[in-house]
Each structure stands twice: as C-alpha cells, then as structure tokens.
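Per our numbering, residue 12 is the first one in the sequence shown, and the count goes up by one each step.
Have a look at the structure below before the remarks.
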Amino acid sequence: MGKLEIEHLIPLAKGGTDDEINLWLACRLCNAYKGIQTDAIDPLTGASVSLFNPRLQVWHEHFSWSSEGVAVMGKTACGRATVAALQLNNDLAILVRGHWVNAGWHPPQD
Numbered sequence: 012m013g014k015l016e017i018e019h020l021i022p023l024a025k026g027g028t029d030d031e032i033n034l035w036l037a038c039r040l041c042n043a044y045k046g047i048q049t050d051a052i053d054p055l056t057g058a059s060v061s062l063f064n065p066r067l068q069v070w071h072e073h074f075s076w077s078s079e080g081v082a083v084m085g086k087t088a089c090g091r092a093t094v095a096a097l098q099l100n101n102d103l104a105i106l107v108r109g110h111w112v113n114a115g116w117h118p119p120q121d
C-alpha cells in the first residue's frame with residue numbers, strides 16, 4: 012500500500028481545484044484506479060452514481076468490512092460503485108489487510 016498521496020476529489024481535469032476542501036489522502040493504488048472518475052456504475056443496479064466523497068459522506072453509512080476484516084463491502088449504490096471503481100478489494104489490498112488483521116491493527120474500531 013505504501014505512502015499516501017494527495018487526491019483531488021474532483022479531479023483538476025474535471026474542474027476541481029487545489030483548495031483543501033477538494034483534497035484528501037489516498038493510497039497510490041486507489042488514486043491511480045480512480046483517475047479522473049467522479050461517477051461509476053453500481054454493479055448491483057447498473058446505475059451511474061457519484062463516487063464516495065469522504066469530505067461530505069460518512070464511511071460506515073456506505074461501507075462495512077467483511078467478516079474476516081479484509082474486504083470492503085459496499086452497503087449502498089455509492090459504496091458498491093466506489094468499491095468497484097477504485098478496486099478496493101484488489102489482491103494487494105486483501106493481502107496487506109490480512110497481515111493487519113493478524114497483527115491486531117485491523118479492521119478499525121470506530
């Protein structure tokens with residue numbers, strides 16, 4: 012997973028700004044998967060929906076952890092589309108989270 016980098020919630024290419032309200036920290040892999048996306052397809056309904064915005068939305072309303080604590084599960088159309096678009100359950104993420112679970116660091120208690 013590695014170092015975090017600054018993500019533009021609304022990409023500059025889509026009119027976003029460098030204002031703090033439009034910035035967030037993301038892992039390099041998630042940020043690369045996101046690219047310039049602001050919307051994605053909900054795999055359950057096929058509807059195009061906005062990606063999760065951590066500045067405006069609450070994580071646990073849209074996501075949960077699998078029983079093993081390694082996979083992110085989308086609870087809403089926004090959550091499911093974000094999981095799919097950002098490939099939040101890619102092989103590397105699952106592997107790393109598994110190590111975090113074994114070390115007792117994951118999933119977050121909140």
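Idealized CB from N, CA, C, for every residue including glycine.
Can you give the Cα-Cα distance for residue i and residue j, rounded to whole angstroms?
i, j, result
"arginine 39", "glutamine 68", "21 Å"
"glutamine 98", "isoleucine 47", "14 Å"
"glycine 109", "asparagine 64", "26 Å"
"phenylalanine 74", "valine 83", "7 Å"
"threonine 93", "aspartate 29", "22 Å"
"tryptophan 116", "glycine 85", "21 Å"
"threonine 56", "asparagine 100", "20 Å"
"aspartate 102", "arginine 66", "27 Å"
Under the three-state reduction of DSSP, which class applies to residue i: helix, strand or coil?
i, result
"glycine 85", "strand"
"isoleucine 32", "helix"
"histidine 71", "helix"
"alanine 104", "helix"
"valine 97", "The sequence shown places leucine at residue 97, not valine. Here leucine 97 sits in coil by DSSP."
"leucine 55", "coil"
"leucine 40", "helix"
"tryptophan 111", "helix"
Quick check: residue i and residue j, are their CB atoms within less than 7 Å of each other?
i, j, result
"proline 118", "tryptophan 70", "no"
"aspartate 50", "arginine 91", "no"
"alanine 37", "glutamate 18", "yes"
"leucine 23", "asparagine 33", "no"
Under 6 Å Cβ to Cβ from residue i, same chain only, skipping five residues before and after it: list those, please.
i, result
"cysteine 41", "Leu97"
Following the continuous alpha helix (DSSP H) through residue i, name the residue where it begins and the one where it ends.
i, result
"alanine 4", "For residue 4 there is no data in the structure shown, the boundaries of the chain being 12 and 121."
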